[in-house]
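Enquirer: Chains as they are written, first to last, in the working numbering: chain A, 2 to 317; chain B, 316 to 854; chain C, 1279 to 1625.
Quick reminder that beta carbons are idealized off the backbone N, C-alpha and C, glycines included.
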Amino acid sequence: MDKSTIKYILKRIAISLVTLFVIVFVLFMILKLMPGTPFNDEKLTETQKAAIYAAYGLDKPVLEQFFIYVSNMLKGDFGISYAIQRNMSVAGLVGPRIGVSFTLGIGATIIGTIIGILLGIVAALNRNTIWDTIATILSVIGVSIPSFVFCLLLLIILGVQWPVLPVLYNSSNPVSSSIIPMIALSMGVIANVARFTRSEMIEVLGSEYIQLAEAKGISRKHLIFHHAIRNCLIPVITVLGPIIVGLMTGSMVIEKICGIPGLGSLLVKAIEVRDYNVILAVSFLYSVMYIVVMLIIDVLYGVIDPRIRLGKGDNS
Amino acid sequence: MKKFLSLACCSVMAFSLAGCSGSGGDSSQTGNFVNLAKENDVISMDSRYATDGMSFEMLAATIEGLETMDADGNIVPALAESYDISEDELTYTFHLRDAVWSNDTPVTAQDFEYAWNATIKNPKAEYAYLFGSDGACIKNADEILAGDDSLNLAVKAVDEKTFEVQLSKKCPYFLSLMTFPVFYPVNEQFATEQGDQYALTPDNLIANGPYKLVSWSKGNKLVLEKNESYWDADNVKVDGINVNIVPEASTSALDFESGNTDFTKLNSTLVDKYKDNDAYTTVLEGYLWYLQYNYDNEYLKNENLRKAISTVIDREDLVENVLKDGSVVCGGFVPEALSTGPDGKDYRESAPEYFNVFAEDGLKAAQEYWDKAKEELGVDSISLSLLYEPSDPSKPAAEFIQSEIQKLDGITVEMVSQEKENRIEKQKAGDFDMVLTRWGPDYADPTTYLNLMLTGNAYNYGNYSNEEYDAKMSEAANASSDEERWQKLQEAEAILMEDVPVVGVFQVGGASLINKNVTGIENHAVGVPYIYKNLNKTN
Amino acid sequence: MAKIIKNQQDLDRFLEDYHYMPQDYELIDIPTRFEFDENISTSSFMHDVWVRFRSNKGAIIGGAVIILFLIISIIAPMCSHYSFDAVDTAQQSMAPRIPGLTWISWFNGEGGIRTYTGEFANTYHYFGTDVLGRDLWVRCWEGCRISLFVAGTAVVVNVFIGILYGMVSGYFGGWVDAIMQRFQEIVNSIPTLVILTLLLLVMKPGLYTIIVALILTEWIGMARITRAQVLKIKEQEFILASRTLGASGFFIIFKNVLPNIFGQIIIMAMFSIPNAIFYEAFLAMVGLGIPAPQASLGSLINDGFKTILVTPYQVVIPVIILGILMLSFNLLADGLRDAFDPKMKEM
């Protein structure tokens, strides 16, 4: 990495910190606009609700609440949960779920990327043949069969018909009970990666430098693995980045079906019951990951394809 | 690129290898454990904060209060060996048995005194209102709830084993309330030591009941083990309970089929698959779903229109063919199996059934009401909105209700689907024409429902008001005998069903699968939904 | 066309509206001599696209299937004597039964909850019925139409917003890019469900609310892909050439960059269609979707999923319809991609 790249990264990190602050502010304000309350018992009277709000400091002016929240956050205190696990610290609630979701997400990404790239390359090299069609059909199935249907099918086959894997997720034995959800989650990745790889590969194979290399008599294998793949990876990474972030922060449906205590179902539950601090913490975590991944992707552009120059925008 | 690929391959292999060695479930557990699948996680194991059914179940499994319920729903002594009631029924004196907490300190009357005062003086405790005149009617409770901190509840630990409670007025259902977790004891010394960590993890909890919580993986699993220091430990037959949190009923049904789960609830769509299974059972739950009309709507002010709508819904068809999960038609505004009258009969048995014409007859009767209503209102066609929440069983019920109401020519029903949180907000704001809403009983007495329709009651969202009804309810409250009170309550319900500000649609049933070898899963319509003390599993 | 070319101006004007035809073998009016190997007729870009598209069988089949489905989804509910919202508990969860096809075990009407006996002996529900006894043939096609409309509109609008945003951000770079990317990050940080809940405060549930919701949340992906493509393209030689020739920023974006990134965008757009369809079902769950009892493919799949262990056809049929639609969209997309690719000319 040269100096300008490092400078660029440092600058981006500084900007990201400001962005994150704005994000917390926007989220905080938006959550206050939401109708409903974390104390959602039908039987709660207005006076009682006011008392609960006062006890939790939710009756203060919104800006004051925001600054209290931010100053606590800087100390590492993300507040407590109001409605999901009453009075439990948000860090204690979210913490264990991060590991669960990360493992699942990374597993699904690895499976999905490998299969996806292979499918894409096969399709591109055998363009407009039966192999191409098969690869297309496979990847289309991946996006059109909903992951929850696929997951339940796997549970029926591998959990009940031939009981080789447990049906329920078990936090004391996470590996074997993660395989089915991992495969189900990877379907979308396979499809996306395969389609983008195919399209990019076709483009790369048609470009002049490949034709030149071909003309020079470089073997096809060498050509594909040393020249073509590297250049078709950029768009694949672009698609992959947000997908990884999405997968690592959990998938609500799959988590619900397999009973996995992940971040996705936590966020949805938190929004449903208006558990403000939990929504804030999970969204914040998601934003941090998103920003970091986006930064990595932007830097990687430069590494993979030296023609791309970032941070020197005023060249037009 | 090569590096990336080989790294990826390695990790995939690592995953699959680990997968092979790790399959086969939780092998570390030995003994006779019962495996339950539950939809939701526990929200709080602190009896002062718990408000939901699942928390109640786990609290009741680990902590006992003064009284509990047996399998048939009778109030039976738990920690209180016996009790005395004064002549005027305003003072209850409980005599506690020798019981210990799992940290070997004795359970004392002070534990109750502390817990109750700590609850009512804590504004964060949502169920504190149950101490006041909406619940147990304990003396001073209303004043404290109104913000008077100088007072204490009129409850007293006379000595270690004697606990005295004074009421502000007669409360016929007081003992049934003592089974409710908010009235459970809390060990003051332990709770103070744990501070704000109390009850958040198994380490911050002590038990005095049949089981103790040994592990709690949030959102996934709770493990309960038998509490050897429980006073009645001889009658606890299993070594423990595994509670798996499985939000999707299809998955828990699959796990039941694979033989790992012993108990799971079913949703109505799964009933068809399992209704002939030996393991299939249904129970009746406490929740009553009812249709509430908004009196601020110009059309729904009309009594005949309300009657037409209430009659046209073929509720028998709904429970038998749509819900199918053991739900029953509610014949009034007080559900079944809620309360037993002085005559020893269930309230619904002695009260008349309202709107009990179904199918063709119902449609005909409804048509007559609708014709009258059209004449009185001077309209031919109207459009009404129906507010409901898009979850089971509310969604299929609402869709069914819509199609039923639209059988009356000229009524169009516009569906407003709002998740529960928003539905309640809209109800409170009066932003609805008709709403399909529910109410769970707080205590085993018809007033837990009938009070809702009093003029100005906070939950009377439709702004119904009838002086005659209010008068009848206050007559009932001041009745001299239980029989007279019961009579007045039924008369009040009759007035209500003549005005039809609400119509009970169905009482929720719980269809479930229970392993044939497991017995003692006791279900109750009021208070703690399931009590597991008498669980047994034969192999 | 006898025209006198006197000066450079005249020449320019002449060349501007002169079309080369294959039969042009000599140009006598021009002072300079041209020598041609061969005359190639001018054809517009769109004409080339059409010719290339037409020759792609897969794409034609894909397009035909989509049009066919569209037609069925409009006609089928009109021709059927069942209504999409007619609840009849006597006809609950009946299995598919198609006249003439009853010898195939999938369509003989067996295996449902209610059977085709008694008064229903001569009843045929092609796709069976759902748990409330509503005919699924009608509901599936109704749903198909609504889903296609919702997804189509949302995707078109998203592509438009996404392309504009991504291209401006990617091409201009620098502080423009920085600000636009930060804005995107902030919008992206707000959970969709929160946006939807707030949207419910100001809008009534219905078709247009769904489209607004889809647009508010789904443009980000498109913008991201476009930006990445632009970053890749903009340093290439032909852009430099264009810039050297004095082309303005927006000219380059639309004339030089856009045609080159079209392939990726089309793929992205096609893949966002099932997303939009499932998303619509998700909206139905939070109360923003199509109000019941209307159906959409997504809500049919969601509802059918609940009964998958009992009557699997209720989820399988809509999934198959969605699958066929997706396959067609992808074949069509591949064809469009190839057809629009300017580099394909030389092949």
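1) Of all the CB atoms in chain B, is at least one closer than 8 Å to the CB of Asn41/A?
2) Would you kindly work out how many angstroms separate the C-alpha atoms of Glu736/B and Ser1351/C, rounded to a whole number?
3) Considering only the alpha carbon of each residue, which of Glu428/B, Glu668/B, Asp387/B, Pro844/B lies closest to Gln280/B?
4) Cβ atoms of Ile810/B and Glu783/B: under 8 Å apart, would you say?
5) Closest Cβ-Cβ distance between Gln1369/C and chain B: below 8 Å?
6) Just checking, does the segment 1575-1589 of chain C make contact with the segment 1511-1526 of chain C on the three C-beta pairs under 8 Å criterion?
7) At the 8 Å Cβ level, is Tyr444/B part of the contact set with chain A, yes or no?
8) Would you list, in chain order, the members of the segment 1580-1596 of chain C that have their beta-carbon closer than 7 Å to a beta-carbon of chain B?
9) What are the boundary residues of the alpha helix (DSSP H) that includes Lys803/B?
10) Starting from the C-beta of Lys4/A, find all residues in its chain whose C-beta is less than 6 Å away, skip the five residues before and the five after it, and write them out in chain order.
11) Considering only residues of the same chain and omitting the five flanking positions on each side of Glu441/B, which have a CB-CB separation below 6 Å?
12) Compare the C-alpha of Glu379/B against each of Pro517/B, Asn523/B, Glu704/B, Asp814/B and name the closest.
13) So the candidates are Ser288/A, Asp299/A, Val289/A, Glu273/A; which of them puts its Cα closest to the Cα of Glu704/B?
14) Using the rule of at least 16 other Cβ atoms within 10 Å of the residue's Cβ for burial, across every protein chain shown, is His1403/C buried or exposed?
15) Below 8 Å CB to CB, which residues in the same chain sit around Tyr774/B once its five sequence neighbours on both sides are set aside?
16) Should Val473/B go down as buried or exposed, given a rule of 16 or more other Cβ atoms within 10 Å for buried?
17) Using C-beta distances below 8 Å, list every residue in its chain close to Tyr562/B, excluding the 5 sequence neighbours before and after it, in chain order.
18) Comparing C-alpha positions only, which one of Ala84/A, Ile292/A, Pro147/A, Met290/A sits nearest to Met253/A?
19) Taking the continuous alpha helix (DSSP H) assigned at Ser565/B, which residues delimit it?
20) For Asp757/B, count neighbouring Cβ atoms within 10 angstroms of its own Cβ and tell me buried if that reaches 16, exposed if not.
21) Which bits of chain C does Ala568/B rub up against, with CB to CB less than 7 Å?
22) What are the residues in the segment 1387-1400 of chain C lying within 9 Å of chain A by C-beta distance?
23) Would you tell me roughly how many angstroms separate the C-alpha atoms of Ala323/B and Gly510/B, rounded to the nearest one?
24) Buried or exposed for Ser220/A, going by 16 or more other Cβ atoms inside 10 Å?
25) Check whether the Cβ of Pro1571/C lies closer than 8 Å to any Cβ atom in chain B.
26) Closest to Ser140/A by CA distance: which of Met1604/C, Gly1499/C, Val1433/C is it?
27) With distances taken Cα to Cα, identify the nearest neighbour of Ala792/B among Gly819/B, Ser780/B, Gly771/B, Thr763/B.
28) Using 8 Å as the Cβ pair cut-off and three pairs as the minimum, do the segment 393-403 of chain B and the segment 412-423 of chain B touch?
29) For Tyr1394/C, which beta-bridge partners are listed by DSSP?
30) Under 8 Å between beta-carbons, which chain C residues line up against Met35/A? List them in chain order, please.
31) So what does DSSP say about Ala472/B, is it helix, strand or coil?
32) Under three-state DSSP, which class holds Thr648/B?
33) Given a limit of 8 Å on CB to CB distance, which residues of the segment 246-260 of chain A reach chain B?
34) Please classify Leu1379/C as buried or exposed, where buried requires at least 16 other C-beta atoms within 10 Å of its C-beta.
35) Would Met1356/C be called buried (16 or more neighbouring beta carbons within 10 Å of its own) or exposed?
36) Is it true that the CB of Leu638/B sits closer than 8 Å to the CB of Pro711/B?
Expert: Concretely, from the data shown:
1) yes
2) 36 Å
3) In the structure as shown, chain B starts at 316 and stops at 854, and residue 280/B therefore has no counterpart that could be examined.
4) yes
5) no
6) no
7) yes
8) Lys1584, Thr1585, Ile1586, Leu1587, Val1588
9) 797-814
10) none
11) Thr366
12) Asn523/B
13) Glu273/A
14) buried
15) Trp754, Leu767
16) exposed
17) One detail in the question is off: residue 562/B reads as Pro in this sequence, not Tyr. Cβ neighbours of Pro562/B beyond the five flanking positions: Glu354, Asn355.
18) Pro147/A
19) 564-572
20) buried
21) Leu1587
22) none
23) Because the pLDDT at Ala323/B is just 44, under 50, the model does not fix this residue reliably, and the point stays unresolved.
24) exposed
25) yes
26) Met1604/C
27) Thr763/B
28) yes
29) DSSP, once it has assigned bridges, lists no residue as partnering Tyr1394/C.
30) Val1472, Thr1475, Leu1476
31) strand
32) According to the sequence provided, residue 648/B is Phe. The question's Thr does not apply to it. Correct three-state label for Phe648/B: coil.
33) Lys257, Ile258, Cys259, Gly260
34) exposed
35) exposed
36) yes
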